[in-house]
Amino acid sequence: MSVDTFRFPRRRSLLLFCLATVFLLGAVIGQASLTGFVASSAFALVVAAIGASEWMYSVRVTDAEIDAGSFMRRQYALSSIKAISVRRTKGGRTGAVELQGGRTLWLDGGIARFDELLQAISSRTSLPITKPIWDP
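Position 93 of the sequence shown, counting from 1, maps to 88 under my numbering, and the rest follow consecutively.
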């Protein structure tokens, strides 16, 4: 049973953790009022939560299912996939894995080895990847 794991690059989540640390230090050192301290600390926690979510997010492709998510993982059976496509958006490329029942698993193009992820899903389901004409 082969398992392929795909993640976001760790650099962005590390930068978010550093930014949260800067905001937290600024809240401790520079704020005199309680409301400013609470607001800065809350903002630092939100930034740290986004960084933790990106750090934990992964997509695992096995022979029978796709396991995706960060803290609350979801499993999708490969047998329920109807189509695999790549769509161009303003933010870059997005992968859409259409499932039976009208659900769609959206895969961000920022995931490292994005093309290999779609190829792994395609090879295990024997479905072609539909790409726009201008997509390389």
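We put the beta carbon where it would ideally sit given N, CA and C, even for glycine.
Select from the options the residue whose C-alpha is nearest the C-alpha of residue i.
i, options, result
"Pro4", "Gln70, Ala107 and Val56", "Ala107"
"Thr84", "Trp101, Glu93, Leu29 and Phe12", "Trp101"
"Ala72", "Leu14, Gly87 and Asp58", "Asp58"
"Leu112", "Pro127, Ala63 and Arg7", "Ala63"
"Arg88", "Ala15, Asp(-1) and Gly105", "Gly105"
"Thr16", "Ser36, Ser(-3), Asp(-1) and Gly31", "Ser36"
Tell me whether residue i is buried or exposed, calling it buried when 16 or more other Cβ atoms sit within 10 Å of its Cβ.
i, result
"Ala34", "exposed"
"Leu29", "exposed"
"Ser74", "exposed"
"Phe18", "buried"
"Pro39", "The question names Pro, but residue 39 in the sequence shown is Ala. Buried, by the Cβ-count rule."
"Val92", "buried"
"Val41", "exposed"
"Arg69", "exposed"
Round the Cβ separation of residue i and residue j to the nearest angstrom and send it over; I've been treating them as touching at under 8 Å.
i, j, result
"Ser119", "Val23", "The sequence given here places Arg at residue 119; Ser does not occur at that position. 50 Å between Cβ atoms; not a contact."
"Phe109", "Gly97", "About 24 Å; that fails the 8 Å criterion."
"Ala116", "Ile61", "The sequence shown places Ile at residue 116, rather than the Ala named in the question. Contact holds; Cβ gap of about 7 Å."
"Phe12", "Ala43", "6 Å"
"Leu122", "Ile76", "6 Å"
So what does residue i bridge to, in DSSP terms?
i, result
"Phe1", "Val54"
"Arg83", "Arg88"
"Gly64", "Ser53"
"Asp110", "DSSP output for Asp110 lists no bridge partner at all."
task = Tell me, please, whether the stretch 72 to 91 touches the stretch 38 to 49 by the rule of three or more beta-carbon pairs shorter than 8 Å.
result = no
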